Amino acid sequence: MSRKSERLVNLVIALLATRRSLTKSEIFRTIDGYEGNEESMERMFERDKDELRSLGIEIEVSGLDPLFDDELGYRIKPENFVLDTKGFSAAEVAYTSLGAQLWKDASLSEPSQRALRKLSSFSSSINLTDIPAVAPITLNAPNFLDEVITAISERRSIEFSYLGPELNSNKRSVNVYSYFSNLGFWYFSGLDLDKNEERTFRCDRVVGDITVSKKAQNYEIPMNSTDHEGSLEKLPILRTILRVRTGRGTQLRNIALSIQNEDEHDLIEIGYSSETEILALVLWHLDDVEVVSPQSLRLKVVESLKSLVSLHG
Amino acid sequence: MAKKISQNQVERLLDLVPYLITNQGVALEKIATDFQTDKPTVIDDLNTLWMCGLPGYTPLELIDLSFETGYVSIRNAEVLSKPRKLSSLELATVIVGLSILLESISETNPHFVPISELLARLSSVSNVPVPISIRSNVKAEVRTLIEQSLKSGNNVSMLYHSFLKDSESTREIQPFGFQFIDGHEYLDSYCYSSKDFRLFRLDRIKSAAMMGPSEKILKEPLDVAPKQQFSVAFLSDFRRASEVLNIKIPTSDSRSEEFVSSAFNNEWIIRTICSLNSAARLTKPADLRNEVAIRASRALALYV
Numbered sequence: 017m018s019r020k021s022e023r024l025v026n027l028v029i030a031l032l033a034t035r036r037s038l039t040k041s042e043i044f045r046t047i048d049g050y051e052g053n054e055e056s057m058e059r060m061f062e063r064d065k066d067e068l069r070s071l072g073i074e075i076e077v078s079g080l081d082p083l084f085d086d087e088l089g090y091r092i093k094p095e096n097f098v099l100d101t102k103g104f105s106a107a108e109v110a111y112t113s114l115g116a117q118l119w120k121d122a123s124l125s126e127p128s129q130r131a132l133r134k135l136s137s138f139s140s141s142i143n144l145t146d147i148p149a150v151a152p153i154t155l156n157a158p159n160f161l162d163e164v165i166t167a168i169s170e171r172r173s174i175e176f177s178y179l180g181p182e183l184n185s186n187k188r189s190v191n192v193y194s195y196f197s198n199l200g201f202w203y204f205s206g207l208d209l210d211k212n213e214e215r216t217f218r219c220d221r222v223v224g225d226i227t228v229s230k231k232a233q234n235y236e237i238p239m240n241s242t243d244h245e246g247s248l249e250k251l252p253i254l255r256t257i258l259r260v261r262t263g264r265g266t267q268l269r270n271i272a273l274s275i276q277n278e279d280e281h282d283l284i285e286i287g288y289s290s291e292t293e294i295l296a297l298v299l300w301h302l303d304d305v306e307v308v309s310p311q312s313l314r315l316k317v318v319e320s321l322k323s324l325v326s327l328h329g
Numbered sequence: 002m003a004k005k006i007s008q009n010q011v012e013r014l015l016d017l018v019p020y021l022i023t024n025q026g027v028a029l030e031k032i033a034t035d036f037q038t039d040k041p042t043v044i045d046d047l048n049t050l051w052m053c054g055l056p057g058y059t060p061l062e063l064i065d066l067s068f069e070t071g072y073v074s075i076r077n078a079e080v081l082s083k084p085r086k087l088s089s090l091e092l093a094t095v096i097v098g099l100s101i102l103l104e105s106i107s108e109t110n111p112h113f114v115p116i117s118e119l120l121a122r123l124s125s126v127s128n129v130p131v132p133i134s135i136r137s138n139v140k141a142e143v144r145t146l147i148e149q150s151l152k153s154g155n156n157v158s159m160l161y162h163s164f165l166k167d168s169e170s171t172r173e174i175q176p177f178g179f180q181f182i183d184g185h186e187y188l189d190s191y192c193y194s195s196k197d198f199r200l201f202r203l204d205r206i207k208s209a210a211m212m213g214p215s216e217k218i219l220k221e222p223l224d225v226a227p228k229q230q231f232s233v234a235f236l237s238d239f240r241r242a243s244e245v246l247n248i249k250i251p252t253s254d255s256r257s258e259e260f261v262s263s264a265f266n267n268e269w270i271i272r273t274i275c276s277l278n279s280a281a282r283l284t285k286p287a288d289l290r291n292e293v294a295i296r297a298s299r300a301l302a303l304y305v
């Protein structure tokens with residue numbers, strides 16, 4: 017049994033139940049647990065207020081008008097304390113819990129469990145069996161997702177070290193605008209303050225923790241910030257024709273623009289945007305695939321194969 | 002990794018009251034489970050709560066609890082009877098969770114429309130940023146169908162794309178459950194086509210259809226062949242090469258060391274090394290290294 021928890025709960029009850037603000041002296045006189053001389057009660061009350069605020073409880077202070085020398089008054093408005101469920105159906109409350117449940121063993125598990133605890137006082141009889149109970153996307157989420165979300169909603173800059181292509185990690189400062197998950201990876205985007213350009217970062221390339229700046233409302237999020245999701249998939253503007261052994265190259269056939277038969281081979285045309293990627297795809301298929309055109313890609317493949325042979329021979 | 006829920010007693014007490022009001026007569030053990038704590042803590046909480054109430058603190062004002070029988074009922078706690086507001090981070094877990102749910106059910110699912118409407122409403126009344134997109138590599142229809150088959154026990158017929166065999170084939174399987182290994186989702190199942198227990202990567206199932214029920218096959222531990230160990234040295238394009246091979250290189254200083262990893266399949270090792278375009282060199286085992294050279298020169302022969 018804790019006297020302090022008891023006092024804090026009593027304080028919450030009293031401040032919630034009152035229609036008008038309570039002054040400090042009223043609080044000390046009536047609420048159980050405030051003891052000692054004036055000074056120690058004052059200190060106790062300051063700490064209590066801080067603690068309640070850190071739990072997300074809004075305590076309203078009145079009488080701050082400098083023209084009047086009124087004593088300050090305190091109260092908790094029920095509308096700031098209570099979950100507003102007006103207009104939400106039982107089904108919607110159940111969906112809300114379901115959304116939080118997905119984080120059970122994932123990065124947002126702590127706030128999600130707190131949300132579920134609050135929602136646990138709603139009983140639900142709705143049938144949710146045709147909704148998947150697991151969402152592996154949550155399992156791939158970075159453990160700093162909560163900080164990214166907070167940074168965006170409070171417009172705080174973040175700092176972190178980021179792994180470059182050569183594995184050199186460097187410090188980045190970013191005003192975060194958005195976040196998303198694509199094909200197994202989580203990303204966030206924003207203005208890179210050193211480069212003064214919008215960039216997208218893959219969360220698993222962040223080394224260590226991220227630091228969220230103390231200053232809130234530090235920037236605005238532009239309405240027309242670049243479509244970062246789209247920027248991950250560049251339009252395939254280049255074309256290549258590949259000679260593929262019949263019955264092989266399923267991956268290539270799935271993305272083919274056209275397929276032409278030729279004896280024991282097919283001529284398959286595909287589009288690509290990155291030479292590194294098309295090269296990887298061709299090399300993966302080894303002797304099932306030959307690049308017909310463009311000549312430049314053909315030469316690259318020959319060069320790569322030669323180097324593979326010499327490295328492994 | 003699961004983070005432990007922070008156990009601030011005041012928060013727990015404030016959430017306990019509305020919970021007890023809805024769940025009158027609930028067992029102490031059930032409370033402990035629902036609040037992720039233990040029975041002694043629950044009893045301590047109840048003893049504390051019992052001393053709380055409105056100023057005055059006579060029995061008229063105090064919260065009235067009874068729990069001697071092991072079942073808890075509560076009276077006289079109107080002020081705290083409603084659940085507390087969600088913090089913005091708590092709401093974020095709901096908003097991101099619902100966005101993920103929407104992605105994993107098909108648009109024809111009866112829950113799709115109500116969930117998207119709820120999501121729009123929740124995000125309009127909060128400042129929580131909604132993820133601009135959630136795209137999984139697993140088809141929602143495939144996931145839904147497999148979930149249904151796991152419940153009904155029916156078999157599934159699926160079109161599966163095996164990257165290593167470089168082929169697509171239709172297989173009938175009996176799924177046992179999902180597994181999450183190294184960032185990928187797998188379906189643990191019995192495959193009638195290969196008459197054996199198999200793991201299939203969920204994102205490589207191109208389509209699936211429900212079949213009739215069949216004799217229940219008892220799940221056996223997968224007869225997993227020992228993984229093949231291999232060593233590589235990285236030469237260039239370090240980040241990409243290490244990500245493709247799923248090897249963590251601790252720092253850029255150590256990038257020129259040799260790294261050991263393992264894979265289930267030799268063909269995967271050979272093709273992956275080739276696809277990396279000399280960014281990594283396979284050093285061990287010698288026979289696999291040789292095989293890379295032989296396969297690469299065979300491919301080279303197409304060009305000369």
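First to last, the sequence lines map onto chains G and A. Per the numbering used here, the very first residue in the first sequence carries number 17; after that it's consecutive. Per the numbering used here, the very first residue in the second sequence carries number 2; after that it's consecutive. Don't be surprised by glycine CBs; every beta carbon is placed ideally from N, CA and C. It should be emphasised that the depicted structure is a prediction, and the values quoted were computed from it without experimental measurement.
Name, in chain order, the residues that DSSP records as bridge partners for residue i.
| i | result |
| --- | --- |
| His-281/G | Arg-261/G, Glu-278/G |
| Asn-112/A | Just to set this straight, residue 112/A is His in the shown sequence, not Asn. DSSP lists no partner for His-112/A. |
| His-301/G | Answer is none; His-301/G lacks a bridge partner. |
| Trp-202/G | Ser-197/G |
| Met-159/A | Arg-172/A, Ala-209/A |
| Thr-202/A | The identity of residue 202/A in the sequence shown is Arg, whereas the question assumes Thr. Tyr-187/A. |
| Gly-54/A | Leu-63/A |
| Ile-174/G | Val-190/G, Val-228/G |
| Leu-71/G | Answer is none; Leu-71/G lacks a bridge partner. |
With residue i and residue j assumed to form a contact (beta carbons below 8 angstroms), what rounded beta-carbon distance in angstroms separates them?
| i | j | result |
| --- | --- | --- |
| Thr-216/G | Tyr-203/G | 5 angstroms |
| Lys-309/A | Phe-181/A | Here chain A has residues from 2 to 305 only, and residue 309/A is not among them. |
| Ser-169/G | Asn-128/A | 5 angstroms |
| Val-11/A | Thr-112/G | Contact doesn't hold; Cβ gap of about 24 angstroms is too wide. |
| Ile-257/G | Leu-283/G | 6 angstroms |
| Tyr-187/A | Arg-172/A | Rounded, the Cβ-Cβ distance is 15 angstroms, inconsistent with contact. |
Once the 5 residues before and after residue i are set aside, which same chain residues still bring their CB inside 8 angstroms of it?
| i | result |
| --- | --- |
| Arg-221/G | Tyr-178, Leu-179 |
| Glu-221/A | Phe-198 |
| Arg-320/G | It should be noted that the sequence gives Ser, not Arg, for residue 320/G. Same-chain partners within the cutoff: Leu-295, Leu-299. |
| Ile-6/A | The predicted position of Ile-6/A is uncertain, since its pLDDT is 47 and thus under 50; a value taken from the coordinates is nonetheless stated next. The answer, listed in chain order, is Gln-37. |
| Leu-92/A | Leu-123, Ser-127, Val-129 |
Taking 6 angstroms as the limit between beta carbons, can you name the residues of its chain near residue i, skipping five residues before and five after?
| i | result |
| --- | --- |
| Glu-278/G | none |
| Thr-154/G | Leu-118, Trp-119, Ala-122 |
| Asn-77/A | Ile-64, Asp-65 |
| Cys-53/A | Ile-64 |
| Tyr-72/A | Gly-26, Ala-28 |
| Leu-183/G | none |
| Asp-225/G | none |
Quick one: grab the DSSP three-state call for residue i.
| i | result |
| --- | --- |
| Asp-254/A | helix |
| Met-211/A | strand |
| Glu-293/G | helix |
| Lys-134/G | helix |
| Ala-28/A | strand |
| Glu-62/G | helix |
| Lys-40/G | helix |
| Cys-192/A | strand |
| Asp-121/G | coil |
| Glu-118/A | helix |
| Ile-237/G | coil |
| Leu-183/G | coil |
| Lys-316/G | helix |
Leaving out the 5 sequence neighbours to the left and right, which residues in its chain are closer than 7 angstroms to residue i when beta-carbon positions are compared?
| i | result |
| --- | --- |
| Ile-218/A | Gln-175, Tyr-191 |
| Leu-81/A | Leu-15, Val-18, Pro-19 |
| Leu-24/G | Asp-64, Glu-67, Leu-68 |
| Ser-323/G | none |
| Ile-116/A | Leu-99, Leu-102, Leu-103 |
Can you pull the chain G residues whose beta carbon is under 7 angstroms from the beta carbon of residue i, in chain order?
| i | result |
| --- | --- |
| Pro-56/A | Ala-30, Thr-46, Ile-47 |
| Asn-138/A | Leu-199, Gly-200 |
| Leu-87/A | Leu-99, Ala-131, Lys-134 |
Along chain A, which residues have their Cβ under 9 angstroms away from the Cβ of residue i?
| i | result |
| --- | --- |
| Thr-154/G | Val-97, Gly-98, Ile-101 |
Residues of chain G with a CB under 8 angstroms from the CB of residue i: which are they?
| i | result |
| --- | --- |
| Met-350/A | Since the first residue of chain A shown is 2 and the last is 305, residue 350/A is not available in this structure. |
| Val-43/A | Neighbours of Val-43/A on chain G: none; closest Cβ ~13 angstroms, over 8 angstroms. |
In chain A, which residues lie with their C-beta within 7 angstroms of the C-beta of residue i?
| i | result |
| --- | --- |
| Lys-322/G | Leu-301 |
At a CB-CB cut-off below 8 angstroms, which residues of chain A make contact with residue i?
| i | result |
| --- | --- |
| Tyr-195/G | Pro-130, Pro-132, Ile-133 |
Mind pulling the chain G residues with CB within less than 9 angstroms of residue i?
| i | result |
| --- | --- |
| Asp-39/A | Those do not exist, as Asp-39/A stays about 16 angstroms from chain G at its closest Cβ, beyond 9 angstroms. |
What residues from the region 168-179 of chain G come within 7 angstroms of chain B, judged by C-beta to C-beta, listed N to C? Of the protein chains in this structure, namely G and A, none is chain B.
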